[in-house]
Amino acid sequence: GAHTSTLSLEDLRKRNDDPSKRDSSSKHYQNDNGSYTAVVASGPVHYDVNGSWVDINTKINTASNGIYAYSNTSNMMESYFGVNAQAGIMSKTTEGEVKEFISPAMYWETNGQASAKLNATASPASVSGNTLQYHDIYPAVTAKYTVLNGKRKLVYVIESAVQNSLTAPAGADYLVFEEKLELPTGWNHKTTAKGIMVNDRSGKAIYLYENPFSNEAGHEYLYEDNTVMEGIQSENFLTIKIKVKTEWLLAAGRSYPIMVDPAATVYPDNAEFWTVQMNSAGAGGTGSPAAGRASTGTWYRGAILFNTASIPVATVNSAQIALTTGNVAGTFSTEYPVGITQSKYAIVNWADDFTQLYDYVTNPANTTGDYVMITNAGIIGATNTYSIGTQGALDVASKLGSADSFFCVTLRQGWTGGAAVDRYVVYNDHTYGTTAPQLIVNYTATGEGCRPSHSYGNCAAIGDCDYVGISNVQFNTLNSTSGYANVPIGYSSFTNTTTVTLTNSYNLGVKYQDGGSPVNQGLVAAWIDWNNDKVFTANEYIGTSGLLNNNQVHTFNVTVPQTATLGQATLRVRSVFSDETLTAADACSAKDYGETEDYKITIQTNLGVAENALNTIAVFPNPTTGVVTIQSQNAVKSVAVFNLLGQKVMDVKGATVDLSSYPAGGYILSVETANSQVFTTKVIRK
Numbered sequence: 007g008a009h010t011s012t013l014s015l016e017d018l019r020k021r022n023d024d025p026s027k028r029d030s031s032s033k034h035y036q037n038d039n040g041s042y043t044a045v046v047a048s049g050p051v052h053y054d055v056n057g058s059w060v061d062i063n064t065k066i067n068t069a070s071n072g073i074y075a076y077s078n079t080s081n082m083m084e085s086y087f088g089v090n091a092q093a094g095i096m097s098k099t100t101e102g103e104v105k106e107f108i109s110p111a112m113y114w115e116t117n118g119q120a121s122a123k124l125n126a127t128a129s130p131a132s133v134s135g136n137t138l139q140y141h142d143i144y145p146a147v148t149a150k151y152t153v154l155n156g157k158r159k160l161v162y163v164i165e166s167a168v169q170n171s172l173t174a175p176a177g178a179d180y181l182v183f184e185e186k187l188e189l190p191t192g193w194n195h196k197t198t199a200k201g202i203m204v205n206d207r208s209g210k211a212i213y214l215y216e217n218p219f220s221n222e223a224g225h226e227y228l229y230e231d232n233t234v235m236e237g238i239q240s241e242n243f244l245t246i247k248i249k250v251k252t253e254w255l256l257a258a259g260r261s262y263p264i265m266v267d268p269a270a271t272v273y274p275d276n277a278e279f280w281t282v283q284m285n286s287a288g289a290g291g292t293g294s295p296a297a298g299r300a301s302t303g304t305w306y307r308g309a310i311l312f313n314t315a316s317i318p319v320a321t322v323n324s325a326q327i328a329l330t331t332g333n334v335a336g337t338f339s340t341e342y343p344v345g346i347t348q349s350k351y352a353i354v355n356w357a358d359d360f361t362q363l364y365d366y367v368t369n370p371a372n373t374t375g376d377y378v379m380i381t382n383a384g385i386i387g388a389t390n391t392y393s394i395g396t397q398g399a400l401d402v403a404s405k406l407g408s409a410d411s412f413f414c415v416t417l418r419q420g421w422t423g424g425a426a427v428d429r430y431v432v433y434n435d436h437t438y439g440t441t442a443p444q445l446i447v448n449y450t451a452t453g454e455g456c457r458p459s460h461s462y463g464n465c466a467a468i469g470d471c472d473y474v475g476i477s478n479v480q481f482n483t484l485n486s487t488s489g490y491a492n493v494p495i496g497y498s499s500f501t502n503t504t505t506v507t508l509t510n511s512y513n514l515g516v517k518y519q520d521g522g523s524p525v526n527q528g529l530v531a532a533w534i535d536w537n538n539d540k541v542f543t544a545n546e547y548i549g550t551s552g553l554l555n556n557n558q559v560h561t562f563n564v565t566v567p568q569t570a571t572l573g574q575a576t577l578r579v580r581s582v583f584s585d586e587t588l589t590a591a592d593a594c595s596a597k598d599y600g601e602t603e604d605y606k607i608t609i610q611t612n613l614g615v616a617e618n619a620l621n622t623i624a625v626f627p628n629p630t631t632g633v634v635t636i637q638s639q640n641a642v643k644s645v646a647v648f649n650l651l652g653q654k655v656m657d658v659k660g661a662t663v664d665l666s667s668y669p670a671g672g673y674i675l676s677v678e679t680a681n682s683q684v685f686t687t688k689v690i691r692k
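Now the structure itself:
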């Protein structure tokens, strides 16, 4: 039901959302005043069931499916777990089934050679909520599975010094955890900067086995460069090795338990890198965003993206971000704060190089500043909600209306230098459902049409922009010079305007710009929504240029149709890279590189004809206090009345027009006579 727009996140969730507005990551709640509040998670909260978005449930239930005794099926992928550790597990999507945890083993590796190999015991499964554990599959080692939204995490929990029960040979390089996967026929794997990608026979990425990391007790969820992964495929079997560096593992003073943390994410092209952690040592990956410094001297940063595609073009009345603390150490204050910070670039497109990402977040040139400074990180498990202010609301609004819309913030510590002590906060990542980072947007839809998107805007990489842009648009008296739109979605709406007249012709000049060396050629195209119905149809397509070089102008000839609706209309111009196309159907489509610019223009009748009409029709009294009568040599069939902004205010049949309920000012009467002639004249309402 409807509710006020000031409810807390907890109270909002007690209400019924509007299912028709859902997507994989958002719910929308209607407010009493007609506005909506969208709660957008940084990852999935729904999964698709026959075209409907249904709440994900991560609980592991008892199931009877052959050798699999437990399952979770209310998720983006189905997970099946064996009754014991030797029975394996299975992941299932519509594309196929992958059998995992086949022949698990642990051993030391020295110069590429395995030694002291142990096979996993048949430890029975122990289930609680969304976790399933196989205890003591190796001495002092438990395999712990956690089902999250669109993700299944496997943690090898090392309860005590493993070398006490499995002696490490001299010079050992790694402690290795190994398992085999059986893939469907034709599937293969690819090692990427993010981890091992498993693709189906069509090449679609189905699973990502993420780069692992290991933590000692107290440093949970912090990425460290101490664990590597290796994949070897033979026919349908993929062997995955999680290799913990012994120089880290066997170092004196390690705090137990130690967690070795690989994870599998389904459909990674859609779900990966919506929360990111990176550090000054160059490590990072998908996962819990963090900010601060560890006692090791390593600094941590984070980034969070929210998919805002379900929110239409709107006025954003307020915007908040809710974060749930996963781990925290040290004390925060006005001297030692954490900032939720504006991000000029949408890092999801460039999230492979974590050293680069860390440098990006720490570079003040890449942000306009902090939305809010957090001086109390709260306790583990607590959710805190932070307003990102007027500027944050405006920034969110600029990211709405496109199928590829998203909003990005980064996390940074608000201090430098000082002693290397543990002072950091780590937040839940995008797979934690209702306790993942949340963007809470109170919005009022404007009714505007679509906004197209450009996945990379005018940028080839972070800080490497100035490509495939539009530098100038001229149309009648409109003359707009602009820089690059830069970041995705590459959309800008300008206030520059002009007025054009029915049946008149005008030149529309669009200047292409590109700072590449050599220049990246591109195309420009234009549309005008002549009937102002917020939809660009084929007869509103002006045309597309040929290939253009830097600073080259393409000129379109535009004739205003006699049938155009008087009043406001949208002029849209787009640029794309030379390897893409712009057709009549591309006013709203997603492209890779380039930008889109919108302008509001006004369409008016030919007032020059109106003066000639004075010899043919007469209006009296003029000026008037209300009712006017029109006399003509031919009978008056109908009259359309427009204000001086070109907005139609009334249609009447016959020769009498009553303006008594309209404000004082000038009006334009478009008079159609019985012989289908149309005359235009002016009247003044006193």
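Heads up: the sequence shown is residues 7 to 692, going by our numbering. A virtual CB, placed ideally from N, CA and C, is assigned to each residue, including glycine.
Judged by DSSP secondary structure, T368 falls within the alpha helix (DSSP H) whose first and last residues are 360–368. Taking a C-beta distance under 8 angstroms as the contact criterion, F412 and L311 qualify as a contact pair.
For G398, the enclosing alpha helix (DSSP H) stretches over residues 395–403.
A Cβ-Cβ separation of about 4 angstroms places Y180 in contact with E115 under the 8 angstroms criterion. Across the structure, L400 and V322 are spaced so that their CA atoms are roughly 7 angstroms apart. In the structure shown, W536 falls within a coil segment according to DSSP collapsed to helix, strand and coil. In the DSSP secondary-structure assignment, M83 is not bridged to any residue. Counting other Cβ atoms within 10 Å of its Cβ, Q519 reaches 16 or more and is therefore classed as buried. The C-alpha of N555 lies about 14 angstroms from the C-alpha of G600. Boundaries of the alpha helix (DSSP H) around D17: 15–18. Contact between R307 and R158 does not hold, since the beta-carbon distance rounds to 26 angstroms and is not under 8 angstroms.
In this structure, DSSP gives T686 an extended state, which the three-state scheme calls strand.
About 6 angstroms separates the Cβ atoms of Q92 and A126, confirming a contact at the 8 angstroms cut-off. The bridge partners DSSP lists for S644 are K659, E678. In the DSSP assignment, A211 is bridged to N205. Considered as a whole, the stretch 260–341 harbours 274–277 as its complete alpha helix (DSSP H) runs of no fewer than 4 residues, in chain order. For a cut-off of 8 angstroms, the C-beta gap from L588 to T561 is around 16 angstroms, too long to register as a contact.
Considering only V89, L256, S523, V663, the residue with the shortest C-alpha distance to T68 is V89. Per DSSP, the unbroken beta strand (DSSP E) holding L187 starts and ends at 180–188. The straight-line gap separating the alpha-carbon atoms of T197 and W533 is approximately 43 angstroms. S595 and E230 have their C-alpha atoms roughly 41 angstroms apart. Secondary structure of W193 (DSSP, three-state): coil.
Its chain contains P318, A320 as the residues whose beta carbon lies nearer than 6 angstroms to that of A451, once the 5 sequence neighbours on both sides are disregarded; these appear in chain order.
A residue is called buried once 16 or more other Cβ atoms fall within 10 Å of its Cβ, and L514 is buried on that count.
Per DSSP, the unbroken alpha helix (DSSP H) holding L255 starts and ends at 252–255.
Across the structure, G469 and I385 are spaced so that their CA atoms are roughly 36 angstroms apart. Two segments are said to touch when three or more pairs of C-beta atoms, one from each, lie closer than 8 angstroms; by this definition the stretch 188–196 touches the stretch 91–110. With a cutoff of 8 angstroms on beta-carbon distance, L256 and Q169 are scored as near each other. Taking the C-beta atoms as reference points, S316 is found no nearer than 8 angstroms to T381. Annotation: N205 to D376 spans about 39 angstroms, alpha carbon to alpha carbon. In its chain, beyond the 5 residues on either side, no residue has a beta carbon closer than 6 angstroms to the beta carbon of Q683. In the DSSP assignment, G102 is bridged to T99. Fully contained in the stretch 88–167 are the following beta strand (DSSP E) runs of length 3 or more, in chain order: 95–99, 102–116, 119–125, 131–134, 137–144, 147–154, 157–164. Inclusion of Y438 and T503 in the CB contact set at 8 angstroms is not warranted, their separation being larger than that value. Here the C-alpha atom of A44 lies approximately 40 angstroms from the C-alpha atom of A426.
Annotation: E101 to Y449 spans about 38 angstroms, alpha carbon to alpha carbon.
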